[in-house]
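Going left to right, the sequence shown walks through residues 126 to 234 as the numbering used here numbers them.
Where is the CB? At the ideal position from N, CA and C, for every residue including glycine.
The structure appears below as structure tokens.
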Amino acid sequence: MQRALPQLRLSRLNGGTEAHARLDALMAIMTSLTDTCVLSRAGMAGLDAMQSGARAVLAAGGTAHPEGQRILAVLDKQMLLLNASPGGAADLLAATLFLDRIETPYLAN
């Protein structure tokens, strides 16, 4: 509610596609979530990599910008090498999209 929904809506306002807005919302969640899926597979080093990588994507302007896309690709490769999947963040993204849909049902997703 404090990170993902505002980021989702900001990315939309900034002209990003719906896919970019949703990825940016995922990144916002990943910046601070203690994702137990990542922790169980990659430990604190994996969690730190996930959080710092997600912060870097957003700091580069998000996934709609070329630099944000480049950093996201690096983060993706890093997570794959660590066999770490941010499943907890994905669950929270689903909840975010549900809340967004309830609050703004007129949006075509």
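Asked, Found
"Integer-rounded CB distance, given that L158 should sit under 8 Å from G213", "6 Å"
"V199 classed as buried or exposed, judged by whether at least 16 other C-beta atoms fall within 10 angstroms", "exposed"
"Every unbroken alpha helix (DSSP H) inside the region 135-200 [4 residues or more]", "143-155 and 161-184"
"N-terminal and C-terminal residue of the alpha helix (DSSP H) that A220 is part of", "G212 to E228"
"Three-state class that DSSP yields for M126 in the structure shown", "coil"
"Supposed contact pair G141 and G187 - C-beta distance, whole angstroms, cut 8 Å", "7 Å"
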